[in-house]
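Residue numbers (UniProt numbering), protein chains in the order written: chain X, 1 to 214; chain B, 1 to 214.
Ideal Cβ placement from N, Cα and C applies to all residues, glycine included.
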DNA sequence: TCCAACACCCTACTCCGGTAGGGTTCCCTG
DNA sequence: CAGGGAACCCTACCGGAGTAGGGTGTTGGA
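Put into structure tokens, the structure is as follows:
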């Protein structure tokens, strides 16, 4: 016999977990919603005889534990619906959680209304993933830290070249894109390297990893 | 006259925001805590005549609005204490929010106890940042998506080489690190490129951006 | 007016990245 | 035992990356 009205919420941000649990209680008709913030606590809170009807799992648990947790939970409690959530905007996350056995996935920044609809869908036996077009067409905010050319002490032109360098374009294509000679691009690249104290473009790319230009 | 017991919480994850607001009410002695999820709503909720004693600001607001918000809020309500929070683990975030005028910064995955202490410190006029050693010594979970060599169809050796490639090391240093000839490293690099369908190491680096090996 | 900074172009050179085509050893599996 | 694959090494070669050292034209400030 399945307990249709209990839920487990795991998120390493305790406040986030309790916020979600609170929402399940107040807006989704759950009789019980237990927030936990680490994997050990999760398994301790899980009653295999009377499994929860829903588990909400944050993707970004320490050590990437979420995928293993999803897979194991799917085996141990096949009747429990699994909703993965993430603050992230990488499409690869969606594939990963789906493969790991999640029944649904959504972003934390979704409105409570969407969250509620996803939960309802899962409880009805449906799955909830962003479909192909919908997912591709969705505009995800770019979470890379923005940096301006001026901030790096670069000229505007050098900034344009740097942006293409960071995309991995070779000098020849940068030259074509900017309608320059390859040699002029090299000049700008040399200027950038000197300014940033890097030995080659690869150092620039690895050093500015996680940053976005302009 | 400052209202010492009201707070504003802005986070683009509504459930997260209300979770934090709830916590401020139940555990930090606040009489009012308003959760909002976008910038417009934030300014609408702000009463300049009777400013809140605390504002909790998520760093990852859409369009990087948080820094501007912090700076403007600091000007408009200099008595309001500003606590920036982030799910991120980049040290650059800390510098940015401090420069923007935040009085404190902490990670969302902190326990409620730490969160409460930070709030108390801010209300007393102290600031709350991870200090130099404490910050450097702190172990931040790496949030890059882990990928195994096997997952990419690579041999163990190729995996080791790839890991160093992603750090930006040239072939010569990879050879030294692994006690190999530079030529053997090139063999492995060629194998990796073929396997991943890349033309050169730069394509590999840019393509695997945001991933971590093993 | 002169000079500095920027953007643009050139030739010529060195060094590193990557490929091609040879080879040896070890280990595992049919 | 034969075969294949992985790891290791070599020489030789090509092309891109980056430097050195020349040059032109424009702009804007001392």
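Proximal residues to residue i (C-beta, below 7 Å), its chain only, five neighbours per side dropped
| i | result |
| --- | --- |
| residue 198 of chain B | 204 and 207 |
| residue 153 of chain X | 195 |
Proximity below 9 Å, CB of residue i to CB of residue j
| i | j | result |
| --- | --- | --- |
| residue 19 of chain X | residue 7 of chain B | no |
| residue 39 of chain X | residue 65 of chain X | yes |
| residue 73 of chain B | residue 49 of chain B | no |
| residue 12 of chain X | residue 158 of chain B | no |
| residue 171 of chain B | residue 147 of chain B | no |
| residue 23 of chain X | residue 15 of chain B | yes |
Limits of the unbroken beta strand (DSSP E) element including residue i
| i | result |
| --- | --- |
| residue 104 of chain B | 104–107 |
| residue 6 of chain B | 6–10 |
| residue 55 of chain B | 54–58 |
| residue 35 of chain B | 32–36 |
| residue 176 of chain B | Note, residue 176 of chain B: premise wrong, no beta strand (DSSP E); alpha helix (DSSP H) at 171–178. |
| residue 83 of chain X | 81–86 |
| residue 213 of chain X | 211–213 |
Any chain X beta carbon closer than 9 Å to residue i
| i | result |
| --- | --- |
| residue 13 of chain B | yes |
| residue 74 of chain B | no |
| residue 138 of chain B | For residue 138 of chain B, the predicted structure reports a pLDDT of 39, less than 50, and the residue's modelled location is therefore unreliable. A value from the coordinates is still provided. Residue 138 of chain B does not count as touching chain X. |
| residue 166 of chain B | yes |
| residue 128 of chain B | no |
| residue 87 of chain B | yes |
| residue 117 of chain B | no |
| residue 23 of chain B | yes |
| residue 112 of chain B | yes |
Chain B contact for residue i (CB, 9 Å cutoff)
| i | result |
| --- | --- |
| residue 109 of chain X | yes |
| residue 207 of chain X | yes |
| residue 293 of chain X | Because chain X is modelled from 1 through 214, residue 293 of chain X falls outside the range shown and cannot be assessed. |
| residue 172 of chain X | no |
| residue 37 of chain X | yes |
| residue 153 of chain X | no |
| residue 30 of chain X | no |
| residue 10 of chain X | no |
| residue 17 of chain X | yes |
| residue 50 of chain X | no |
| residue 200 of chain X | yes |
| residue 192 of chain X | no |
| residue 187 of chain X | no |
Contact belief for residue i with residue j at Cβ below 8 Å, rounded distance in angstroms
| i | j | result |
| --- | --- | --- |
| residue 192 of chain B | residue 161 of chain B | 7 Å |
| residue 105 of chain X | residue 84 of chain X | 5 Å |
| residue 215 of chain B | residue 35 of chain B | Because chain B in this structure spans residues 1 to 214, residue 215 of chain B falls outside the shown range and cannot be described. |
| residue 30 of chain X | residue 5 of chain X | 5 Å |
| residue 59 of chain B | residue 93 of chain B | 6 Å |
Beta-carbon proximity list for residue i, same chain, < 8 Å, skipping 5 on both sides
| i | result |
| --- | --- |
| residue 156 of chain X | 149 |
| residue 27 of chain X | 112 and 116 |
| residue 139 of chain X | Any reading at residue 139 of chain X needs caution, since the residue's pLDDT is 38, under 50, leaving its predicted position unreliable; the model's value is listed next. Taken in chain order, the list of residues that qualify is empty. |
| residue 45 of chain B | 8, 34 and 36 |
| residue 120 of chain B | 28 |
| residue 63 of chain B | none |
| residue 237 of chain X | Lying outside 1 to 214, the shown extent of chain X, residue 237 of chain X is not represented and no answer is given. |
Own chain, CB closer than 6 Å to residue i, minus 5 neighbours either side, in chain order
| i | result |
| --- | --- |
| residue 164 of chain B | 174 |
| residue 32 of chain X | 6 |
| residue 102 of chain B | 70, 82 and 84 |
Run of the alpha helix (DSSP H) containing residue i, from where it starts to where it stops
| i | result |
| --- | --- |
| residue 122 of chain X | 112–123 |
| residue 207 of chain X | 201–207 |
| residue 152 of chain B | Looking at the DSSP string, residue 152 of chain B is not in any alpha helix (DSSP H), and its letter there is neither H nor E. |
| residue 128 of chain X | It is not in any alpha helix (DSSP H) - residue 128 of chain X carries neither H nor E in the DSSP assignment. |
| residue 21 of chain X | 14–27 |
| residue 148 of chain B | Unbroken run through residue 148 of chain B: none, as it is neither H nor E. |
heavy atom of the ligand GDP below 8 Å from residue i C-beta
| i | result |
| --- | --- |
| residue 53 of chain X | With respect to small molecules bound, the structure shown includes none, and the ligand GDP cannot be examined in it. |
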